[in-house]
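In the numbering used here, the protein residues as written are 84 to 439. For every residue, glycine included, the Cβ atom is placed at its ideal position computed from N, Cα and C. Since this is a predicted model, take the numbers as computed values, not measurements.
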């Protein structure tokens with residue numbers, strides 16, 4: 084009997100709850116079988132595949148397709164891999180490819196030792212969502228999981244859309260990359276948060292809420308301006324913390340004097356998307372973007388701001404372009420006529436772009 088025929092006999096294969104996961108899984112499985120038939124057949128026959136199909140199961144097969152050479156050998160030669168992977172180990176494997184270049188230390192340590200904390204909740208729109216915190220040491224901050232779950236609920240409520248992912252994986256480790264980051268959302272698949280921010284009082288760290296925002300369509304990928312993706316994630320995270328803990332955050336100093344959002348857009352257009360990320364002005368997308376959105380929210384009112392924000396998220400979810408002019412026009416259209424002058428002033432100060 085072929086591997087695919089055996090998979091088709093598993094209890095979850097025709098379950099309506101599997102949904103799009105089934106097609107994603109079959110695509111990854113077919114790719115692995117074409118590349119390495121014995122490996123693909125061995126993993127597909129492991130016991131963890133028998134009862135359910137979850138996001139991390141697809142992540143494991145994606146990892147086996149993405150790793151090559153000594154990195155793949157490092158994974159498949161582990162005793163815990165050879166003995167048959169369980170769900171916790173599949174979660175860890177999901178993380179591995181991104182760490183090969185971004186943080187080789189994380190990659191090595193994840194292969195040898197890790198500690199996993201799990202949780203779950205039912206979000207009003209998304210339904211049941213699971214959470215997994217993967218740590219590289221036994222140090223544990225017991226406040227993080229409840230904070231993560233509560234923040235996910237608050238972010239979903241603000242967005243007005245179901246959280247797009249039903250399994251939130253957080254790795255506590257160095258985010259790596261070219262810039263010093265508190266956290267990063269990698270491909271809308273999982274979150275990395277540096278240990279210092281994990282161990283700190285969660286009430287005073289917006290990094291978890293910020294990265295949760297990046298699961299949503301208008302704040303993920305390159306479909307919207309960088310200032311909106313990052314500054315918007317900052318703004319929502321701050322609003323979430325205000326509601327959860329009655330805390331208001333502010334920057335100790337302005338690292339972007341005399342920098343407008345239009346200048347950042349022009350700079351990115353001139354040198355390309357990737358180049359500015361390592362430059363000194365990239366952080367201004369977070370700071371000035373959030374400052375503009377805060378000023379816009381103050382001008383138009385909290386309710387009108389949330390309505391416009393949700394409209395932009397729904398447009399992105401529908402595949403429509405959420406461009407710089409669309410963002411401006413959507414917020415302005417929802418601004419009460421008595422406050423248009425305030426709105427225009429905020430854009431004139433912080434954006435400085437020309438809009439018809």
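CB contact flag (residue i, residue j, <8 Å)
i: residue 219; j: residue 268; result: no
i: residue 173; j: residue 140; result: yes
i: residue 327; j: residue 237; result: yes
i: residue 212; j: residue 285; result: no
i: residue 462; j: residue 293; result: For the chain, the structure presents residues 84 to 439; residue 462 sits outside this window and is missing.
i: residue 253; j: residue 235; result: no
i: residue 307; j: residue 301; result: yes
i: residue 291; j: residue 276; result: yes
i: residue 145; j: residue 200; result: no
i: residue 317; j: residue 373; result: yes
i: residue 197; j: residue 183; result: no
i: residue 224; j: residue 282; result: yes
i: residue 425; j: residue 382; result: yes
i: residue 436; j: residue 407; result: yes
i: residue 429; j: residue 344; result: no
Residue i classed as buried or exposed, judged by whether at least 16 other C-beta atoms fall within 10 angstroms
i: residue 438; result: exposed
i: residue 92; result: exposed
i: residue 391; result: buried
i: residue 203; result: exposed
i: residue 177; result: buried
i: residue 423; result: exposed
i: residue 335; result: For residue 335, the predicted structure reports a pLDDT of 49, less than 50, and the residue's modelled location is therefore unreliable. The matter cannot be settled from this model.
i: residue 257; result: buried
i: residue 222; result: exposed
i: residue 432; result: exposed
i: residue 134; result: exposed
i: residue 379; result: buried
i: residue 120; result: exposed
i: residue 88; result: exposed
i: residue 98; result: exposed
i: residue 181; result: buried
i: residue 312; result: buried
i: residue 351; result: buried
i: residue 217; result: buried
Opening and closing residue of the alpha helix (DSSP H) in which residue i lies
i: residue 418; result: Residue 418 -> no alpha helix (DSSP H), and no H or E assigned at all.
i: residue 319; result: 309-328
i: residue 347; result: 344-354
i: residue 302; result: Careful: residue 302 lies outside any alpha helix (DSSP H) and carries neither H nor E.
i: residue 226; result: Run containing residue 226: none; DSSP gives neither H nor E here.
i: residue 289; result: Neither: residue 289 is in no alpha helix (DSSP H) and is coded neither H nor E.
Start-to-end residues for the beta strand (DSSP E) that takes in residue i
i: residue 199; result: 198-206
i: residue 250; result: 250-255
i: residue 273; result: 273-276
i: residue 269; result: 266-269
Where residue i falls: helix, strand or coil (DSSP)
i: residue 219; result: coil
i: residue 186; result: coil
i: residue 148; result: helix
i: residue 123; result: helix
i: residue 241; result: helix
i: residue 88; result: helix
i: residue 335; result: Note that residue 335 scores a pLDDT of 49, beneath 50, so its modelled location is shaky and nothing firm can be said.
i: residue 167; result: coil
i: residue 383; result: helix
i: residue 110; result: helix
i: residue 214; result: strand
i: residue 370; result: helix
i: residue 129; result: coil
i: residue 434; result: coil
i: residue 175; result: helix
Sequence-distant residues of the same chain with beta carbon closer than 6 Å to residue i, five excluded per side
i: residue 170; result: 131
i: residue 115; result: 123, 144, 147, 148
i: residue 243; result: 393
i: residue 398; result: 405
i: residue 402; result: none
i: residue 138; result: 250
i: residue 414; result: 379, 391
i: residue 209; result: 245, 246
Beta-carbon proximity list for residue i, same chain, < 7 Å, skipping 5 on both sides
i: residue 303; result: 271, 297
i: residue 389; result: 241
i: residue 167; result: 129, 130
i: residue 342; result: 364, 367, 371
i: residue 163; result: 172
i: residue 434; result: 343, 344, 345, 375
Same chain only: Cβ atoms within 8 Å of residue i, ignoring 5 sequence neighbours per side
i: residue 194; result: 157, 158, 161, 179
i: residue 323; result: 234, 237, 238, 241, 289, 292
i: residue 206; result: 212, 235, 236, 239, 245, 246
i: residue 155; result: 147
i: residue 419; result: 383, 384, 387
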